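Residue numbers (our numbering): 3 to 248. A virtual CB, placed ideally from N, CA and C, is assigned to each residue, including glycine. Small disclaimer: the values here were computed from a predicted structure and weren't measured.
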Amino acid sequence: MARLDGKRALITAAGQGIGRASALAMAAEGAQVFATDINPDALAALAQDSDGRIETFAMDVLNADSVNQGVARAVPDVLFNCAGFVHAGSVLDATDEDMDFALDLNVKSMFRTIRAALPGMLERGTGSIINMSSACSSIIGAPNRFVYGTSKAAVIGLTKSVAIEYIASGVRCNAICPGTVESPSLHERLRATGDYDKAMTEFIARQPMGRIAKAEEIAALVVHLASDESAFTTGQPYIIDGGWSG
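This is the structure:
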C-alpha cells in the first residue's frame with residue numbers, strides 16, 4: 003500500500019519547482035492530487051507528465067472566491083501551501099507595496115486556503131496542512147532578503163497558531179523551511195542580478211554541503227508530512243537547508 007492511498011491533496015503553485023515535484027511525488031504515493039497554479043501552460047505540462055494521474059486547474063491564491071471554489075472542488079485531506087515570491091533588498095530598499103504584496107502572497111494566501119479547507123478537515127476528523135516557509139525567516143537571517151525573511155517568519159507563526167488550535171481535532175499543521183532550492187524561479191532571480199554566474203557561486207558558497215537542494219528532496223519531506231507516518235507531528239518548522247542554519 004502506498005503511503006498516501008485514499009488521500010486527496012491540494013497543492014498551490016504546482017506548475018514548477020517544489021510544487022511540481024511534490025505533486026508528482028504525492029501522486030506516485032497514491033494520493034489523488036489536485037494541482038493548481040495561475041500558469042495554464044505549466045499546469046498542462048504537469049498533467050501531461052503525470053500521465054493523467056493529476057487533476058489540474060487554475061486557482062488564484064490572492065482571490066478568496068477562487069480559493070473557495072478550488073477547495074470545494076478538491077475537498078482536500080492534505081493542503082500544501084507552496085505559493086510565494088522572493089523579494090530582494092534590505093529594509094531601506096523595501097517599499098510599502100513590496101511588503102503588502104509579500105504578506106498577501108506569502109502569508110495571507112495560506113490564511114485563505116486554510117480557512118477554506120479547515121472546516122471540511124475538522125468535519126472528517128483528519129487533515130494535514132503543510133506550509134512553505136524558509137530557513138530565511140525567524141530561523142536565520144539572510145542579507146538582501148528583508149521582505150522575504152519577514153514574511154516567511156510570519157508563516158512559522160501562522161503554522162504554530164493553526165497547529166495549537168486543532169491539536170486534538172485530528173488536523174495537523176507543519177511548515178517546511180528549505181535553504182536554496184533548484185527551480186526555474188531561482189534561475190530567474192539569478193539572471194535578474196545581472197551576473198548569473200557570480201550570483202550562483204554565492205548561493206552555493208553559503209551552503210555547507212557545497213550545493214543547492216533538488217526540488218525532489220523537498221518533495222520527499224512533503225510526502226512524509228502528508229502521510230500518516232508523521233501523525234504525531236504538528237506545529238513544527240522542518241529545516242531542510244543543507245546545514246546552512248546549523
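Q: Give a yes or no on whether 7 Å exceeds the smallest Cβ distance from K110 to chain B.
A: No chain B appears in the structure shown, which is made up of a single protein chain.
**Q.** Integer Cβ distance of A60 from P78, believed to fall under 8 Å
**A.** A60 to P78, Cβ: 17 Å. No contact.
Q | Continuous alpha helix (DSSP H) stretch holding I116: start and end | A | 111-126
Q: Assign S130 to one of three DSSP states: helix, strand, or coil.
A: strand
Q) Taking C-beta to C-beta, are S135 and I158 nearer than 7 Å? A) yes
**Q.** Buried or exposed (CB count within 10 angstroms, at least 16 for buried), D51
**A.** exposed
Q | Cα-Cα separation, T236 to A76 | A | 23 Å
Q: Measure the C-alpha to C-alpha separation of P121 and V73 and round it to an integer number of angstroms.
A: 11 Å
Q.
If you measure between the beta carbons of T161 and N133, is that distance less than 7 Å?
A. yes
Q: Report yes if the C-beta distance between A85 and I56 is below 7 Å; otherwise report no.
A: no
Q) Considering only the beta carbon of each residue, do A217 and A16 sit closer than 7 Å? A) no
Q: Using the Cα positions of N176 and M123, report the straight-line distance between them to the nearest angstrom.
A: 15 Å
Q) Looking at the structure shown, is P145 part of a helix, part of a strand, or coil, going by DSSP? A) coil
Q. For the candidate residues A228, G248, A49, whose alpha-carbon lies nearest to that of D7?
A. A228
Q. Tell me which same chain residues have a C-beta within less than 7 Å of the C-beta of F205, skipping the five on either side of it?
A. T182, I214
Q. Quick one: is E31 buried, meaning 16 or more other Cβ sit within 10 Å of its Cβ, or exposed?
A. buried
Q) Under 7 Å, do A201 and V149 count as touching if we go by C-beta distance? A) no
Q) Cα separation between D39 and L45? A) 7 Å
Q: Taking 7 Å as the cut-off, decide whether the C-beta atoms of A11 and V69 are in contact.
A: no
Q. To which residues of the same chain is I169 closer than 8 Å at the C-beta, ignoring the five residues directly before and after it?
A. T236, G237
Q) If we ignore side chains and look at the alpha-carbon of each, how far apart do T152 and F87 end up? A) 12 Å
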